[in-house]
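Numbering (the numbering used here), first residue to last: 1 to 362.
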């Protein structure tokens, strides 16, 4: 994220009524409310009024204290919203067009500089000066850092994608995490190969896993999804895959989207197969790795964490296109008002809870 030089002016936006953010103070503590009466936009920043946000598993890991997080912070990074202000130099969307006030948009989890060695190598989600929505400590001139708020302040270096008016907010809100991450995972597994007829095995029928199932099935793959939950297995059948409790045969591509079946994923890959690890985003016990087996089976093992701007745009286009055939809107259950964000998090934490619980700031 570029830091403004002293001579660069900001565009002050006064908000009446003030923007409201729900701020998390640490494990075991309830959220508190912060009012933000104005925002100072940098030349290439934008301000978005949030339409709907969803509670991601990463939010649950943070609240439960399973990983460190700077506090106070505004959680939430899965959202859809509408642009209400743009910095003086203007903002470009991922397709290169000008962002306009009134546009309905989704945006990346990450803010990247675009110039460091990692960004230049095609890994902007690992930028040397990376910032992430829903993960940052609030501070002066950037208070609206997460989606559990009425507004989000988008900084220069955020990938922004314009989205169709007709697509339900319940479909679009998780796109900037679940769908985009799944698109990246399927793409990494395919590695440029045609998926028609390929055997794809997905561990975990959470929303990332189900999104991967739909994306791979839509491309012609024969997809099996493994999950211990009967409810989630039943729901998974509607996304183009065959649900199972265990893998019955080796697969060409194995996507581990749960974080709990890594050893099984290694074992399930066929000769020449690819194992894509995407669910291991929280501390867990080390997994034994049989290097000889991996060598003899010619395995490729790769990790996916977040995604690129291109992948966010492609995932959103899928949801707006052939992805309409799959019940993504049904993956979002209860919708809570912003004041009840703690109740929303509690509801999302219940075993066999809906794949996503939503927060409506209006």
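Each residue gets a CB set at the ideal place from its N, CA and C atoms; glycine is no exception. Source: prediction; values computed, not measured.
Cβ pair residue i, residue j closer than 8 Å
i	j	result
residue 175	residue 276	no
residue 356	residue 94	no
residue 85	residue 144	no
residue 96	residue 157	no
residue 391	residue 104	Not covered by the structure: residue 391. The range shown for the chain is 1 to 362.
residue 336	residue 343	yes
residue 52	residue 138	no
residue 26	residue 77	no
residue 248	residue 209	no
residue 358	residue 332	yes
residue 23	residue 32	yes
residue 262	residue 287	yes
residue 128	residue 116	yes
residue 130	residue 110	yes
residue 217	residue 192	no
residue 81	residue 49	yes
residue 312	residue 269	no
residue 348	residue 60	yes
residue 231	residue 212	no
residue 136	residue 68	no
residue 180	residue 307	yes
Reduced DSSP secondary structure (H/G/I, E/B, other) of residue i
i	result
residue 268	helix
residue 110	strand
residue 209	helix
residue 337	strand
residue 124	helix
residue 64	coil
residue 10	coil
residue 4	Unreliable placement is indicated for residue 4, whose pLDDT of 46 sits below 50; the coordinate value is still reported in the next sentence. Three-state result, residue 4: coil.
residue 50	strand
residue 323	helix
residue 215	helix
residue 349	coil
residue 139	strand
residue 59	helix
residue 93	coil
residue 41	strand
residue 301	strand
residue 308	coil
residue 15	strand
residue 32	strand
residue 73	strand
residue 163	coil
Nearest-angstrom Cβ-Cβ length linking residue i and residue j, presumed shorter than 8 Å
i	j	result
residue 302	residue 188	5 Å
residue 214	residue 304	Not confirmed; about 17 Å, so no contact.
residue 37	residue 15	6 Å
residue 289	residue 266	7 Å
residue 35	residue 18	4 Å
residue 164	residue 294	The Cβ separation is near 43 Å, so there is no contact.
residue 11	residue 87	5 Å
Beta-ladder partner(s) of residue i, from DSSP
i	result
residue 203	226, 256
residue 342	In DSSP, residue 342 forms no bridge with anything.
residue 242	224
residue 358	54, 335
residue 78	54
residue 158	111
residue 131	111
residue 83	48
residue 274	253, 300
residue 104	82
residue 152	48
Exercise. Pairing CB atoms from the region 158 to 175 with CB atoms from the region 222 to 229, are three or more of them under 8 Å?
Worked result: no
Exercise. Is the number of C-beta pairs between the region 189 to 206 and the region 233 to 252 that are closer than 8 Å three or more?
Worked result: yes
For this session: Answer yes if the region 116 to 132 comes into contact with the region 191 to 203, meaning at least three C-beta pairs across the two stretches below 8 Å, and no otherwise.
Result: no
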